[in-house]
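Heads up, the thing below is written out as structure tokens.
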Amino acid sequence: MKTRMNGEIGNAASKIVAIVVLMVVSSSGLWAQGQGNQGQNQPPAQTPPAQDIPDAPSTVQPPPPKLTPPPPQSNPSRDNEAQKPSDNSSSQTDQKEPPPPMPPVETVPAGSFPRNQLNPSEGIYRIPVSVNFVLLPVMVKDSAGRRVDGLLPKDFTVLENGKKQTLTYFTSDPFQLSVAILIDLGLPDVALQKVNQTYSALVGAFSAYDEYALYTYSSTVSQVMDFSRKSENLTASLNSLKLVRGSPNGPPVLNGPFSVGPTVNGVPVGGPPIAPVQTPPREAHVLNDAILRAALDLGKRDRTRRKVILVISNGRELGSQASYRDVLRLLESRDIQVKAVVVDTGALPVYKQIEKLRIKGQGYGDILPRYAAATGGGQIFSELTRNSMEDAYSEITSEARNQYTLGYPTKMTPSSAYRSIEILVDKKGLKIAAKDGYYPAPTPR
2 MKTRMNGEIG
12 NAASKIVAIV
22 VLMVVSSSGL
32 WAQGQGNQGQ
42 NQPPAQTPPA
52 QDIPDAPSTV
62 QPPPPKLTPP
72 PPQSNPSRDN
82 EAQKPSDNSS
92 SQTDQKEPPP
102 PMPPVETVPA
112 GSFPRNQLNP
122 SEGIYRIPVS
132 VNFVLLPVMV
142 KDSAGRRVDG
152 LLPKDFTVLE
162 NGKKQTLTYF
172 TSDPFQLSVA
182 ILIDLGLPDV
192 ALQKVNQTYS
202 ALVGAFSAYD
212 EYALYTYSST
222 VSQVMDFSRK
232 SENLTASLNS
242 LKLVRGSPNG
252 PPVLNGPFSV
262 GPTVNGVPVG
272 GPPIAPVQTP
282 PREAHVLNDA
292 ILRAALDLGK
302 RDRTRRKVIL
312 VISNGRELGS
322 QASYRDVLRL
332 LESRDIQVKA
342 VVVDTGALPV
352 YKQIEKLRIK
362 GQGYGDILPR
372 YAAATGGGQI
382 FSELTRNSME
392 DAYSEITSEA
402 RNQYTLGYPT
412 KMTPSSAYRS
422 IEILVDKKGL
432 KIAAKDGYYP
442 APTPR
């Protein structure tokens, strides 16, 4: 029985121990949970901000650029709350006086100006132009025909309508050229083929800064090439002219066995017994029209260039619609010089004297020298051989490029009458080539 009681006591003791252990374990778990909740409620420890200390520069690659922080994003709800005025601020603004009203703003239509401002398009801002500025290319040569260099402004005297002018511009620097080349395709075929052999020298006479256009004429005028500074374009255009044939060679046959058809006892077969009247064919050479066409195109080129018309022809003029007087006036008003290489019969000394005696219906033969003298082109080059033609091309372009250029202002008048010019040089034995005069520009209205 004692043993039974001891067993029951041991069982009760073990149960008590187990209950105590469970209470201890549960109380420790509750304590740990409370510590965890306490740690969550406390803010985390703040770490010190990193110092913006740049890294040492690298010798291998450049330092990376600094990153700029993005702009802070605004909270719309907070912004709206911030914009709402408080009751205190509203009460303070109610106590302040209201600002004065803004003055009325007047507007004007587009393109107009207020009454108290000046319109820049009115005449008060216009500068009236009452003068013309005259530029004179002048070539000076000695008695042997050599160009004279080294002259100064004081060596020149310019007279306009007999009155001395004051020079305000002077230079001997070379000018860029704008040249219109006119080739007469109405030449006899022998003379035209000789001209064809000189085309390479004609191209070589120009510099890289010059520009040139090519025209041909006989009974009509045609432009073969527009203005260009590419020598290969001029070469190709001139080579295309080598396929063109000139007029039949030799003078017309007016009598002899080849002058008429078959005859029997001096009477033409099938015709009445009347002696035929033979007249030479009348071939047109529209030299005036060709110069007029070239002058109109040259007038559109840059004014800083020296403008020249180079004519390669025998100098005959017949059948043009434009007159010499009208063409000359256009040349003088646009500062265009005419230079010429006269070939074939026009280069013969005796023939040139005969051409001065004009035969009615046969045109003119001395018109090219008149153009050259009046426009300041100087003498014309009468050449018969290929070598002399090639030398003439080079001399013409060199003279046109290297001339003295004089300038002076002159008063404008309502009249557009011709004004004569005379240029004197304070040196003996020198020859001067310059234009005879000009037509003033029209008075602006």
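Note that this note's numbering has the sequence shown beginning at 2, numbered continuously upward. Ideal placement from N, C-alpha and C gives every residue a C-beta, glycine not left out. All of these numbers come straight from a predicted model, not from anything done at the bench.
With DSSP as the reference, identify every bridge partner of residue i, one or two as the case may be.
| i | result |
| --- | --- |
| T158 | L425 |
| L136 | G408 |
| R420 | Y439 |
| A214 | A181 |
| S248 | P189 |
| I17 | According to DSSP, which records beta bridges pairwise, I17 is partnered with nothing at all. |
Among the options, which one has its Cα closest to the Cα of residue i?
| i | options | result |
| --- | --- | --- |
| T167 | K155, S173, R148 | K155 |
| P245 | D174, Y218, L385, N315 | In the sequence under discussion, the amino acid at residue 245 is Val, which differs from the Pro named in the question. Measuring from the Cα of V245, the nearest candidate turns out to be Y218. |
| E318 | A285, L329, V191 | A285 |
| G163 | D211, L152, Y419 | Y419 |
| Y409 | Q380, E161, V426 | E161 |
| R330 | P441, S223, E396, I397 | P441 |
| K340 | E333, Y372, L332, G347 | Y372 |
| Y325 | K301, D303, I292 | I292 |
| D290 | V328, K308, L311 | V328 |
| D150 | I433, D437, R294 | I433 |
| L178 | R304, V191, D185, S248 | R304 |
| I488 | G320, E333, Q322, S321 | Residue 488 cannot be examined here, being either before or after the span of the chain that is shown, 2 to 446. |
| E207 | D190, F176, T221 | With the sequence shown as reference, residue 207 is identified as Phe, and Glu is not the correct amino acid for it. Out of D190, F176, T221, F176 has the C-alpha closest to the C-alpha of F207. |
| L235 | V222, S223, L203 | L203 |
| D227 | R387, S201, S238 | S238 |
| S248 | Y439, V196, G438, G187 | G187 |
| G379 | I20, N133, R148 | R148 |
| L183 | R387, G438, R306, D298 | D298 |
| R387 | A374, K428, L193 | L193 |
I believe residue i touches residue j by the beta-carbon criterion, under 8 Å. Please report the beta-carbon distance rounded to the nearest angstrom.
| i | j | result |
| --- | --- | --- |
| I337 | L137 | Contact doesn't hold; Cβ gap of about 13 Å is too wide. |
| T199 | E391 | 5 Å |
| D143 | L407 | Contact doesn't hold; Cβ gap of about 19 Å is too wide. |
| Y210 | S229 | About 13 Å; that fails the 8 Å criterion. |
| L385 | V426 | About 33 Å; that fails the 8 Å criterion. |
| A296 | R335 | 6 Å |
| Y405 | S173 | 5 Å |
| S314 | L288 | 7 Å |
| V222 | R294 | 5 Å |
| T411 | N133 | 5 Å |
| G316 | G347 | 4 Å |
Which two residues bound the contiguous alpha helix (DSSP H) that contains residue i?
| i | result |
| --- | --- |
| V328 | 325-334 |
| R148 | Segment: none, R148 is in no alpha helix (DSSP H) and carries neither H nor E. |
| T236 | 232-242 |
| A291 | 288-299 |
| L376 | As written in the sequence, residue 376 is Thr, which differs from the Leu given in the question. Per DSSP, T376 belongs to the alpha helix (DSSP H) from 368-376. |
Please state the DSSP three-state secondary structure of residue i.
| i | result |
| --- | --- |
| I381 | coil |
| D185 | strand |
| K432 | strand |
| S208 | coil |
| L311 | strand |
| S321 | coil |
| A393 | helix |
| L168 | coil |
| T346 | helix |
| S399 | helix |
| A285 | coil |
| S201 | helix |
| S219 | coil |
| P253 | For P253, the predicted structure reports a pLDDT of 49, less than 50, and the residue's modelled location is therefore unreliable. The matter cannot be settled from this model. |
| S78 | Here the model assigns S78 a pLDDT of 49, short of 50, so the residue's position is not dependable, and the following value carries that caveat. Looking at S78 - three-state DSSP - the assignment turns out to be helix. |
Name the two residues that bound the continuous beta strand (DSSP E) containing residue i.
| i | result |
| --- | --- |
| Q194 | That residue, Q194, is in no beta strand (DSSP E); its alpha helix (DSSP H) goes 190-197. |
| D227 | 222-229 |
Is residue i a contact residue of the ligand COA, with contact defined as CB to any heavy atom under 6 Å?
| i | result |
| --- | --- |
| M390 | What this structure holds is no ligand at all, so the ligand COA is not there to describe. |
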